[in-house]
Amino acid sequence: MSFPRVAVIGLGFMGRTHIQALRRLGVDVHGVAGIDEDESRKVAGELGINNWYKDFADALADAEVEVVHLCTPNNLHFEQARQALLSGKHVLCEKPLAMTTAQSAELVALAQEKGLMTAVNYNLRFYPICQEARARVQAGDLGNPYLITGGYLQDWLFLKSDWNWRLEPEQGGDMRVVADIGTHWMDLVTYITGLKITAVMADFLIAHPTRLRPRGEVETFAGKLEKNLSTNEVSIKTEDAAVILFRFENGALGSVSLSQVSAGRKNFLWFEICGSKTAYHWEQESPNEIWIGYREQPNQVLVKDPSLFHDSSRALTGFPGGHAEGYPDTFLQVFRQFYAAIASRKMPQNGEFATFTDGHHEMVLCEAIKRSAAEKRWVSLDE
Ligand SMILES: NC(=O)c1ccc[n+]([C@@H]2O[C@H](COP(=O)([O-])OP(=O)(O)OC[C@H]3O[C@@H](n4cnc5c(N)ncnc54)[C@H](O)[C@@H]3O)[C@@H](O)[C@H]2O)c1
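All you need for this note's numbering is the position in the sequence shown, starting with 1, plus 9.
This is the structure:
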């Protein structure tokens, strides 16, 4: 397959991760744009990329670029995606898709009108074991899901002195853990079970009502290594932790705990999906195995091995059994599917990668969760 030329916008944690995966796939990263000329030039030089742009507009003006990957802070996604679509470029956007549902709905409509391919990077769908869990649910192995529980706990904003742009609502949005990591969990469990969430009940915690903001920027996760920065004390308006109850369309009940202030938890996403025949338990930090629970026979641990998988999940597994696959591999699988969609000019029919419509749906969930926490009541998605 010959790939279109790509520009990557935003060159921090995600920008560099996208570039690595694009290169593994064989895509030409034609150019990059960071926050200013210095960042663009520096990263292009470090990674051996031929072109760098002085800003986003400069990247869009490059007629050779057919696809843009948006890896910028959340507040920029809407306007950058809108401009890119208006310029006729396909867009792969980091999550969350926008800051409001009005914005995300506008992007869905614009992408349809332009006939361009769009994706939101809910990459966790593409752990091979998660694909296999989905295939087993579809084959009827789980039975009817009753209870869907889990968590996503991190500690990178544990200290009052930890800082990142996500703490500023103008850049991160007016929800933090829910939009940043909660949407990954919701996307993953609804993708695996095929069930829609119909109602939510949420409450939030701000562990640090004030934090120490460094003078200058801190790249994501790099804050843990910074010492003795000069700071200002600023008040915090977004949640450090959240607990959410869910009702699903088949009547199943669910819950998730989300936190960026849980000491010792690095990137601890887990789910347990209990059905009428069996139950699945999976943890992102041990991504190559899934626990399968039974009442009437011994429990099992399925270790990732494409020879034991359904055809659909085998096709999305990169290495043989015993060869661990992890977080960076999920990007490769998202991009493989996205570039296949561009080549065929057909958006996926079976919900393989998350589209702008899926990204918009996560925004709808976020707004319902925000309303529930503010009004201290269950909120139905069709209110
Ligand atoms: N899918 C995932 O697993 C995952 C993981 C982490 C972050 N993300 C998402 O990726 C996005 C970026 O997060 P990050 O952790 O990489 O942040 P980061 O702070 O590490 O990087 C952000 C980058 O954007 C650049 N930037 C800022 N303003 C810009 C502008 N106007 N034009 C071009 N570049 C600009 C910054 O200089 C920096 O290089 C966020 O939306 C976040 O939610 C997704």
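Idealized CB from N, CA, C, for every residue including glycine.
Quick check: residue i and residue j, are their CB atoms within less than 9 Å of each other?
i, j, result
"Ala209", "Arg256", "As written in the sequence, residue 209 is Val, which differs from the Ala given in the question. Going by C-beta atoms, Val209 is nearer than 9 Å to Arg256."
"Trp174", "Gly181", "yes"
"Glu292", "Leu278", "yes"
"Cys102", "Ala90", "yes"
"Ala250", "Ala211", "no"
"Asp64", "Asp45", "yes"
"Asn60", "Gly40", "yes"
"Glu298", "Gly159", "no"
Assign residue i to buried or exposed, taking buried as 16 or more other Cβ atoms, counted over all protein chains shown, within 10 Å of its Cβ.
i, result
"Leu95", "exposed"
"Tyr161", "buried"
"Gly330", "exposed"
"Asp338", "buried"
"Gly19", "buried"
"Tyr348", "buried"
"Ser49", "buried"
"Val243", "exposed"
"Lys355", "exposed"
"Leu69", "buried"
"Gly21", "buried"
"Thr219", "exposed"
Under 8 Å by Cβ, that's how I've got residue i and residue j pegged, so tell me the actual separation to the nearest angstrom.
i, j, result
"Ser285", "Gly152", "3 Å"
"Gln346", "Glu361", "5 Å"
"Leu262", "Arg33", "Rounded, the Cβ-Cβ distance is 40 Å, inconsistent with contact."
"Tyr200", "Arg145", "About 13 Å; that fails the 8 Å criterion."
"Ala42", "Val343", "Wrong, their Cβ atoms sit about 21 Å apart, outside the cutoff."
"Leu221", "Thr240", "4 Å"
"Pro105", "Asn84", "In fact, because the Cβ distance is near 10 Å, the residues do not count as touching under 8 Å."
Using DSSP bridges, identify the partner residues of residue i.
i, result
"Met108", "Looking at the DSSP assignment, Met108 forms no beta bridge with any residue, so it has no partner."
"Phe213", "Ala251"
"Thr127", "Val100"
"Tyr62", "Answer is none; Tyr62 lacks a bridge partner."
"Pro223", "Thr240"
"His290", "Glu281, Trp300"
"Ile28", "Note: Ile28 sits in no beta bridge, so no partner."
"Gln309", "Ile301"
What are the complete alpha helix (DSSP H) segments, minimum 4 residues, inside the region 145–207? Runs found: 178–181, 192–202.
Ignoring anything shorter than 4 residues or poking outside the region 319–356, list the alpha helix (DSSP H) runs there in chain order. With a minimum length of 4 residues, the continuous alpha helix (DSSP H) runs that stay inside the region 319–356 are 320–323, 336–353.
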